[in-house]
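Beneath this line is the structure, given in C-alpha cells, with notes to follow.
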Amino acid sequence: MRRQIVPVLLLSCLLFWQCIERDRDNPFDPQGDQDNILNLQIFPEADRVLLQWSLEAPLTDYRGFRIYRSLDAEENFEILEETPAGQFTFTDTEVEAGRWYFYRVVAFSASEETQPSNTTRALLGPGTYWVLSPVDYCIKQLSYDAVNIRKQFRFSIAPVAWSFIPGEPRFWVAYEPFTQSIGTIRKSDGEKAFFYPDSLVAAADLAADPAGGQVYILDDRRREVVVFLNGAVLRRISLEEDQYIRLAFDHARGRLYVLGEGRLISFDPEIPAGTRQTFHFPPGFQGKDFDLRENIAYILSASENSLSSIIYTISDQVITDSLHTANYYYRIHYDEVGGQYYLAEENPGGDDLIVQLSPGGDRQIHSSGYKRIAQIAMNPFDRSVVIVDYLGSLLYLYDAGGNRISVSRAADGSELFYGPTRVYIE
Numbered sequence: 046m047r048r049q050i051v052p053v054l055l056l057s058c059l060l061f062w063q064c065i066e067r068d069r070d071n072p073f074d075p076q077g078d079q080d081n082i083l084n085l086q087i088f089p090e091a092d093r094v095l096l097q098w099s100l101e102a103p104l105t106d107y108r109g110f111r112i113y114r115s116l117d118a119e120e121n122f123e124i125l126e127e128t129p130a131g132q133f134t135f136t137d138t139e140v141e142a143g144r145w146y147f148y149r150v151v152a153f154s155a156s157e158e159t160q161p162s163n164t165t166r167a168l169l170g171p172g173t174y175w176v177l178s179p180v181d182y183c184i185k186q187l188s189y190d191a192v193n194i195r196k197q198f199r200f201s202i203a204p205v206a207w208s209f210i211p212g213e214p215r216f217w218v219a220y221e222p223f224t225q226s227i228g229t230i231r232k233s234d235g236e237k238a239f240f241y242p243d244s245l246v247a248a249a250d251l252a253a254d255p256a257g258g259q260v261y262i263l264d265d266r267r268r269e270v271v272v273f274l275n276g277a278v279l280r281r282i283s284l285e286e287d288q289y290i291r292l293a294f295d296h297a298r299g300r301l302y303v304l305g306e307g308r309l310i311s312f313d314p315e316i317p318a319g320t321r322q323t324f325h326f327p328p329g330f331q332g333k334d335f336d337l338r339e340n341i342a343y344i345l346s347a348s349e350n351s352l353s354s355i356i357y358t359i360s361d362q363v364i365t366d367s368l369h370t371a372n373y374y375y376r377i378h379y380d381e382v383g384g385q386y387y388l389a390e391e392n393p394g395g396d397d398l399i400v401q402l403s404p405g406g407d408r409q410i411h412s413s414g415y416k417r418i419a420q421i422a423m424n425p426f427d428r429s430v431v432i433v434d435y436l437g438s439l440l441y442l443y444d445a446g447g448n449r450i451s452v453s454r455a456a457d458g459s460e461l462f463y464g465p466t467r468v469y470i471e
C-alpha cells in the first residue's frame with residue numbers, strides 16, 4: 046500500500062508545481078508574477094503623438110491592445126483606444142499644446158489584461174532640439190518636451206562644433222582636433238560625408254554661408270580662418286595673436302565675427318585685405334561669449350579678478366552701447382522681444398545661475414541649480430528658454446513666464462546624454 050501512495054504523491058506534487066509555474070508565467074493572470082512583455086515608444090509632434098509598441102515575448106490568445114492615457118499627471122488613466130492584435134501603432138490627435146500626456150499599453154483577452162507597458166510622457170509644443178554631445182560621441186534630436194528622442198546619430202570620432210542652415214537637409218560638423226576633419230550630416234538618416242581641408246590642424250568652430258556655400262572654419266591652433274568650398278580650401282585668413290573660441294557669420298551683412306579672449310574681430314571673409322574691425326577688451330577682461338543677430342552683435346567679456354562683466358552692443362561695426370555689471374557672467378543670450386539679456390552667472394560658492402538683465406542693468410534671478418552652462422537658447426516659436434547644462438548633462442526647458450516645464454531625463458530618471466555643449470532649435 047505504501048509503495049502505491051508514494052508515486053501518487055510525487056505525481057500530485059509535480060502537477061501542482063507545474064500549475065504554479067504556468068500561473069506565474071501567464072501574462073493575463075492578475076494574481077501571477079507577471080513579466081512586462083510590452084515596450085512602448087512615443088514620437089510627439091506639435092499637434093499629435095505617435096505611439097509605437099512591441100511585444101518583448103510571444104503572446105497568444107489575445108484580442109488586441111488597449112491604450113490608456115492620463116492628463117497632466119501619472120494617475121487616473123483612462124482608456125483612449127483599442128486596436129486589433131495585428132496593429133502596433135496609434136496616433137493620438139486629441140491633444141493640445143502645453144499639457145502633459147501620459148500613455149500605457151496593455152494586451153487584452155476576452156476578460157483579462159496583461160501587465161501595462163512602461164509609461165511614456167509627452168508635452169506638446171512647437172519646435173525640436175538638436176543636441177551636440179562630444180562626450181557621448183553623438184548628436185540627438187529631441188521633441189519639444191526634451192524627454193523623447195526622435196533621432197540619434199552615433200560617431201566613432203567626437204563632433205565638437207556645428208553649423209546649421211535653416212531649411213537645408215544637411216548641417217556641417219567639425220570633429221575633434223586630431224582628426225583634422227569636418228563633414229556634413231543628413232538630418233533625415235544621419236548619413237555622413239567627411240572632408241579633410243589641407244593643413245587644417247584643429248577646428249574649434251565653423252559657420253556656413255547659405256548664399257555662397259562657403260564654410261568658414263576657425264583653426265585655433267594656427268590662428269586662422271579657413272575658407273572651404275566644394276571640397277577645397279579657397280584661402281586662409283590669418284588672425285592676430287590670441288586664443289580664439291567662437292566664430293559666427295552675419296548672413297545679412299556678409300561679415301564674419303571671430304571671438305578671442307582678448308578681442309573681437311569682424312571682417313568680410315571674401316575681401317581678406319579689406320577693412321578689419323578689431324575691438325580690444327580692457328586689461329583683465331576676457332571675451333566669453335556673443336549673441337549675433339542681423340547686423341547686431343552682443344558681446345560679453347568678464348574679469349575673474351574683479352568678478353565683473355561688460356556687455357557691448359555692436360552695430361554697423363561700431364560700439365553703440367556698453368553695460369558694466371558687478372557680476373561674473375560667462376554666457377549670453379539677448380531676447381529681442383522682451384528687450385533683456387539672459388546671462389549665465391558663475392557662483393563660486395555653489396551652483397550657477399541664470400540671470401535676466403535689462404539694458405539698464407536691472408537684475409533678476411531667473412533660475413538656479415546649474416553645474417556649468419554651455420548655452421542659453423530661446424525657442425523662436427513660443428519664446429520658451431532652453432538651458433544647456435554641460436556638467437549636469439541636462440537640458441532645462443522654461444516657458445516664457447520663467448516657469449520650469451521640463452528637464453531632459455528619461456522616465457527612470459537617467460540622463461539622455463552626457464556633456465551636452467550646444468543646442469539648435471528648429
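Residue 46 is where the sequence shown starts when you use the numbering used here, and the numbers rise one by one after that.
All C-beta atoms in this analysis are idealised placements derived from N, C-alpha and C, irrespective of residue type, glycine included.
Nearest residue (CA-CA) to residue 302, options 102, 247 and 324: 324
Meets three-Cβ-pair contact criterion under 8 angstroms: the stretch 358-375 and the stretch 338-347: yes
Cβ-based burial, residue 121 [other Cβ within 10 Å; buried from 16]: exposed
Close-in-space but distant-in-sequence residues of the same chain around residue 472 (CB under 6 angstroms, 5 per side omitted): Because the chain here runs from 46 to 471, residue 472 falls outside it and cannot be looked at.
Nonlocal neighbours in the same chain, by C-beta distance under 8 angstroms from residue 178, ignoring five residues either side: 184, 185, 462, 463, 464, 465 and 466
Range covered by the beta strand (DSSP E) that runs through residue 114: 109-116
Between the CA atoms of residue 206 and residue 294 - distance to the nearest angstrom: 14 angstroms
Closest Cα partner of residue 327 within the set 356, 318 and 312: 356
Spatial distance of residue 144 from residue 154 (CA atoms): 32 angstroms
Endpoints, beta strand (DSSP E) assigned at residue 232: Taken as a continuous stretch (DSSP letters only), residue 232 belongs to no beta strand (DSSP E), as it is neither H nor E.
For residue 406 and residue 384, the rounded distance between their alpha carbons: 12 angstroms
Buried versus exposed call for residue 166 [16 or more other C-beta atoms within 10 Å across all chains shown]: buried
For residue 95, the residue or residues it bridges with in DSSP: 88 and 136
Own chain partners of residue 444 with C-beta closer than 6 angstroms, once the 5 adjacent residues on each side are dropped: 429 and 450
Enclosing beta strand (DSSP E) for residue 365 [first to last residue]: 363-370
Residue 198 - DSSP class collapsed to helix/strand/coil: strand
CB contact flag (residue 164, residue 455, <8 angstroms): no
Through-space distance from residue 112 to residue 106, alpha-carbon basis: 18 angstroms
Proximity test, Cβ basis, 8 angstroms: residue 250 and chain B: Among the chains in the structure shown there is no chain B, since it carries only a single protein chain.
Alpha-carbon to alpha-carbon, residue 367 and residue 361: 15 angstroms
Inside the stretch 308-381 only - alpha helix (DSSP H) runs reaching at least 4 residues: none
Those runs of the beta strand (DSSP E) which lie wholly inside the stretch 369-439 and span at least 3 residues: 374-380, 385-390, 397-402, 408-415, 418-423 and 430-434
Under 8 angstroms between C-beta atoms of residue 263 and residue 250: yes
Where residue 224 falls: helix, strand or coil (DSSP): helix
Secondary structure of residue 245, DSSP reduced to three states: coil
Contact set for residue 397: own chain, Cβ-Cβ below 8 angstroms, skip 5 residues either direction: 389, 390, 391, 413, 415, 416, 417 and 418
Residue 122 (DSSP reduced to helix, strand or coil): coil
Contact belief for residue 422 with residue 468 at Cβ below 8 angstroms, rounded distance in angstroms: 5 angstroms
Proximity winner among 146, 460 and 174, relative to residue 424 (alpha-carbon distances): 174
Identified DSSP bridge partners for residue 268: Looking at the DSSP assignment, residue 268 forms no beta bridge with any residue, so it has no partner.
Contact the stretch 191-205 vs the stretch 216-231: 3+ CB pairs below 8 angstroms: yes
Between the CA atoms of residue 317 and residue 460 - distance to the nearest angstrom: 45 angstroms
Spatial neighbours of residue 259 in its chain, beta-carbon cut-off 6 angstroms, leaving aside the 5 residues before and after: 272 and 274
Rounded C-alpha distance that separates residue 202 from residue 283: 28 angstroms
Alpha carbon of residue 58 to alpha carbon of residue 119, nearest angstrom: Residue confidence for residue 58 is low, a pLDDT of 46 falling below 50, so the modelled location carries little weight; the figure read from the coordinates is stated next. If you take the alpha carbons of residue 58 and residue 119, they lie about 43 angstroms apart.
Bounding residues of the beta strand (DSSP E) (the contiguous stretch that carries residue 186): 183-187
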